[in-house]
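Data first, discussion second: the structure below is written as structure tokens.
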Amino acid sequence: MLENLATVVLSIHVIVAIFLVGLILTQKSEGGMGGLGGGGASGGMAGFLSGRAQANLLTKVTKWLAIGFFCTSLFLAYADSHGGARQPLVGSGGAATTTAPAAPVADPAAPAGDSGTVAPVAPAPVAPTEPVAPSGQ
């Protein structure tokens, strides 16, 4: 249940992030960047909102999108830390197979009384599933 809800919240999170970036980039700069921040009311917006009203509306929408982004981020962090199956929300293509990591093996060179040291174990090599034909033939 939590995984399905997390997938929906992740979709909302991505949409909110895209709108938030776009909205921030369209706002007028209040200083420091010169003329790079965009203009005031232009085009069809000139008759709809004044420059001040448009800035207030953009500020309020940006605030609520930022709050939504923050809340979805917190929920996704909670869902990731409390997920039962421990499957990734993104990137489960299905074509790649993974193997479980090998259990650590005690280091034979360590003293007999030292049980805290373990030797690292390299994963076993995986053989290709299809033979590779030599090039040039």
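If you count by our numbering, then the sequence shown holds residues 91 to 227, one letter each, in order.
The C-beta atom is built at its ideal place from N, Cα and C for all residues, glycine as well.
From a predicted model like this one, the values you see are computed outputs, not experimental measurements.
Start-to-end residues for the alpha helix (DSSP H) that takes in residue i
i     : result
Glu93 : 92-116
Where residue i sits in the DSSP three-state scheme
i      : result
Ala169 : helix
Ser163 : helix
Gly151 : Per the sequence shown, residue 151 should be read as Val rather than Gly. DSSP places Val151 in helix when its eight states are reduced to three.
Thr219 : coil
Ala214 : coil
Burial state of residue i, where buried means 16 or more other Cβ atoms lie within 10 Å
i      : result
Ala214 : exposed
Ala96  : buried
Leu155 : buried
Val216 : exposed
Thr162 : buried
Val211 : exposed
Glu93  : exposed
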